[in-house]
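Input: a single structure, listed below in structure tokens.
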Amino acid sequence: FRLKLMAEGELKDMEQFFDDLSDSFTGTEPEVHKTSVVGLFLRHMILAYNKLSFSQVYKLYTALQQYFQKDEKKNGADENDMELTHAEELDGKMEKEELDGPLREEETACSGPLSQKQAEYFLSQQASLLKNDETKALAPASLQKELNNLLKFNPDFAEAHYLSYLNSLRVQDVFSSTHSLLHYFDRLILTGAESKSNGDEGYGRSLRYAALNLAALHCRFGHYQQAELALQEAIRIAQESNDHVCLQHCLSWLYILEQKIFDSCVLLEHSVNKSLHFGLPYLASLGIQSLVQQRAFAGKAASKLMDALKDSDLLHWKHSLSELIDISIAQKTAIWRLYGRSTMALQQAQTLLSMNSLEAVNVGVQQNNTESFAVVLCHLAELHAEQGYFAAASEILKHLKERFPPNSQHAQLWMLFDQKIQFERAMNDGRYHVADSLVAGITALNSTEGVYRRAIVLKAQNQMSEAHKLLQKLLIHCQKIKNTEMVISVLLSTAELYWRSSCHTIALPVLLQALALAREHSLQYLASQTMLNLAFSQVALNILHMAIEPVLAHGAVLDKGCAMFLVAKCQVASAASYTSQKKIEALESAILNLNEAKTYFAKVDCKEQLRDVLYFQARLFHTLGKIQERNKCAMLFRQLHQELPAHGVPLINAFK
């Protein structure tokens, strides 16, 4: 009778049958004992049913209907035997084809059929891997195939739509990510999942958070106008529902949109205060991080910024916010780099890399595959490259490529740093054609950096007018977007163009403008570089002594070499008014400084600067009457000069 009811009824009748089987083991006097032969058989059958995928449940029901229909047509004992044989064949055929047979391409990613519970576990596992260790998650194409297979048999599976949204974000697919996000909230409302947990308020809650997530998605892809419209909708619905938590999230995103137009700390400070009031430590901490970042660009003192970060760290440790602890340390690393304190930046980077995550993850999963770690590792690679440790920098970049594959969401970080390091090496080595070929890749990742490096290549190739035009356009653009660091770098490059054109008087006001900006924004290292350029323009030792210490303490090897080269030039210029004995001592001291500069330049393989140092040393040895040393320097100079022709530019006519 029960078999007839299931066969002539609907799929839910078969599901009800297996639910009733589970109930037969419950109660003080169960109908069947779990350890009996029948009980073991029933438990085995229930377990097998629960392991079936969506498609296999449906096919089981279809096979049951076919079996029952054929059973009704047969009578007699012989026919009953034939029915049993046929049923066994049918059952064996289904097991062979559906359970043991090869899976379709859509199902290969999960290496087996999925039940409802297995599907939920699969989705949670993949979402966790996307967050903690993207390299261990399925490839974007494979994961999307599996999700499409799940959604084919259960289109209302909201969690599958959300994972599809996350997967589309990995490959920067704006259309698919928007489509999946909208479907997620549609299914969330249709299935009533929100209403069950939130009462009548669930429907409105889904709508306002759908609008908020849509605004965040548009903002991520740079569609600020669409993001603003979606955010206004979220704010309107949240105000109608008096949802203060949603409004605080909206306020944070409103600040992000507004800062694209103008700098405003008012919204951010208000957001931090309100978040603390409503007990939202995560949101409050993110607000503090953004406030610190904005004030760093505005030139606030590092001590005040570190105090603010210390206060946010107290929130992190109090609430065990592991991700925000990582973000805070990465922020400190970037701030110290901005201010030119490479030693402090290196210390912060090592601190983050030696930390263990507070979040529990599975064995074999990288604990820290977040954007914070990508940023810190990129800074670490650049710091090693600046000190001439190119092999170590390559190892770090190799690790980054393995940890964040090209299709991952944070891959653009290491791609940009890799291109920049290669560019600097090519420029140091005098391979300007190689550097020029790298400009396109840098521009694709960061247009401002790309244009600046294009101007650097033009300057090195002595295309002064083209380089000057490009630098002037870039200067106007950077002033408009308030990129002070790049503005100062452009001004220094412009001053160098004037020197090479023998226009030192025009270069001086440009350098003074750069120095004023660097001091106003507490950019000590850039201020020191500007002072060195001023010392070069006036060949003044007293100016040089004011700026050389930060460069030698925190500077790149190339900058250290340039600084020591400049010291030697200033010593020679000052020796002109000395007595004979004192002049000889000054020239010998200059030669020692040139040897130190030569060591620095050799470390980064900067052949052009080495050529200039050898030329200068040969002149000094000739003045001191040291013929053998002069001839050695002259020979080495000739070798480099043949390899790197001067293109008609007078030697030693630039600081760098």
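Residue numbers (my numbering): 432 to 1087.
We put the beta carbon where it would ideally sit given N, CA and C, even for glycine.
Using the C-alpha atoms, what's the distance from Gln725 back to Gln969?
-> The alpha-carbon separation between Gln969 and Gln725 amounts to approximately 36 Å.
Inter-stretch contact at 8 Å, needing at least 3 Cβ pairs: the stretch 493 to 502 / the stretch 436 to 452 = Between the stretch 493 to 502 and the stretch 436 to 452, the count of Cβ pairs shorter than 8 Å is three or higher; the stretches touch.
Do Val982 and Asp990 have their CB atoms nearer than 8 Å?
-> In contact: Val982 and Asp990 (Cβ atoms closer than 8 Å).
Tell me which same chain residues have a C-beta within less than 7 Å of the C-beta of Asn914, skipping the five on either side of it?
-> Around Asn914: Thr879.
In terms of residue numbering, what span does the alpha helix (DSSP H) encompassing Pro571 cover?
-> It spans Pro571 to Phe584 - the alpha helix (DSSP H) in which Pro571 sits, taken as one unbroken run.
Using CA coordinates, which residue listed in Phe584, Arg601 and Lys548 is at the minimum distance from Thr566?
-> By alpha-carbon distance to Thr566, the top candidate from Phe584, Arg601 and Lys548 is Arg601.
In the structure shown, what three-state DSSP assignment does Gln447 receive?
-> In the structure shown, Gln447 sits in a helix (DSSP, three-state: H, G or I).
Cα separation between Phe588 and Ser839?
-> One Cα belongs to Phe588, the other to Ser839, and the distance between them is close to 25 Å.
Should Gly458 go down as buried or exposed, given a rule of 16 or more other Cβ atoms within 10 Å for buried?
-> Counting the other Cβ atoms within 10 Å of the Cβ of Gly458 gives fewer than 16, which makes it exposed.
Thinking C-alpha only, which one of Leu869, Ser453, Ile907 and Ser932 is nearest Val921?
-> Checked all of Leu869, Ser453, Ile907 and Ser932; the closest Cα to Val921 is Ile907.
Taking all protein chains shown into account, decide if Thr801 is buried (16 or more other Cβ within 10 angstroms of its Cβ) or exposed.
-> Thr801 is buried by the Cβ-count criterion.
Of all the options Glu446, Asn563 and Gln500, which has the alpha carbon lying nearest to the alpha carbon of His841?
-> When only C-alpha atoms are compared, the closest one is Asn563.
Got a sec: is the Cβ-Cβ distance from Ala886 to anything in chain B below 8 Å?
-> Of the protein chains in this structure there is only one, and it is not chain B.
Between Met775 and Arg639, what straight-line distance do the alpha-carbon atoms span, to the nearest angstrom?
-> Each residue's CA atom was taken as its position, placing Met775 and Arg639 some 43 Å apart.
Taking the CB atoms as reference points, tell me whether Gln1002 and Ser1020 lie closer together than 8 Å.
-> In contact: Gln1002 and Ser1020 (Cβ atoms closer than 8 Å).
Once you ignore the five residues that flank Leu756 on each side, which residues in its own chain have a CB closer than 8 Å to its CB?
-> The question names Leu, but residue 756 is Ile in the sequence shown. For Ile756, where only same-chain residues beyond five positions count, the Cβ hits under 8 Å are Asp744, His747, Trp748, Met786 and Leu789.
Sequence-distant residues of its chain with Cβ nearer than 8 Å to Ser455 (five each side left out) = Around Ser455: Pro461, Glu462, Val463 and Leu473.
By the 10 Å Cβ neighbour count, where 16 or more other Cβ atoms means buried, how is Phe606 classified, buried or exposed?
-> Exposed.
Per-residue burial, Leu643 [other beta carbons within 10 Å of its own, 16 or more giving buried] = By the neighbour-count rule (16 or more Cβ atoms within 10 Å), Leu643 is buried.
With 16 other Cβ atoms within 10 Å as the buried cut-off, status of Tyr596 = For Tyr596, the number of other beta carbons within 10 angstroms of its own is at least 16, and it is reported as buried.
Considering only residues of the same chain and omitting the five flanking positions on each side of Leu869, which have a CB-CB separation below 7 Å?
-> Closer than 7 Å at the Cβ level, and outside the excluded window around Leu869, lie Gln850, Gln853, Phe854 and Ala857.
Quick one, are the C-beta atoms of Leu923 and Gln892 less than 8 Å apart?
-> Contact: no.
Smallest Cα separation from Ala1065: which of Ala1049, Glu700, Gln500 and Arg651?
-> Looking at the Cα atoms, Ala1049 is the closest of the given residues.
Chain-order list of residues whose beta-carbon lies under 8 Å from that of Phe1068 (same chain, five-residue window excluded) | Counting only Cβ-Cβ distances below 8 Å, and skipping sequence neighbours, we find Arg1042, Leu1045, Tyr1046 and Ala1049.
Secondary structure, alpha helix (DSSP H): runs of 4+ residues fully inside the stretch 996 to 1054 = You should have 1011 to 1034.
So, are the CB atoms of Ala886 and Leu876 less than 8 Å apart?
-> Not in contact: Ala886 and Leu876 (Cβ atoms no closer than 8 Å).
CB-CB under 6 Å to Ala1091, same chain, minus the five flanking residues each way: which ones, in chain order?
-> Residue coverage of the chain in this structure runs from 432 to 1087, which leaves residue 1091 outside it and unanswerable.
Does the distance from the CB of Val888 to the CB of Ala866 come in under 8 Å?
-> Using a Cβ distance threshold of 8 Å, Val888 and Ala866 count as a contacting pair.
Outcome for Ile1058 when other beta-carbon atoms lying within 10 angstroms are tallied against a minimum of 16 = Burial call: exposed.
Burial state of Val468, where buried means 16 or more other Cβ atoms lie within 10 Å | Exposed: under 16 other Cβ atoms inside 10 Å.
Any heavy atom of the ligand FAD within a distance shorter than 7 Å of the CB on Ala570?
-> Absent from the structure shown: the ligand FAD. Ligands present: none.
Helix, strand or coil for Pro712, going by three-state DSSP, please let me know.
-> Three-state DSSP puts Pro712 in a helix.
For the stretch 446 to 484, which segments carrying the alpha helix (DSSP H) assignment without a break, of at least 4 residues, lie completely within its bounds, in sequence order?
-> Runs of the alpha helix (DSSP H) inside the stretch 446 to 484: 468 to 481.
Rounded straight-line distance, which links the Cα of Gln843 to that of Lys465 | If I take the Cα positions, the gap works out to 57 Å.
If you drop the 5 nearest sequence neighbours on each side, which residues of the same chain put their C-beta closer than 8 Å to that of Leu662?
-> Taken in chain order, the residues that qualify are Ala642, Leu643, Ala646, Cys681, Trp684, Leu685 and Leu688.
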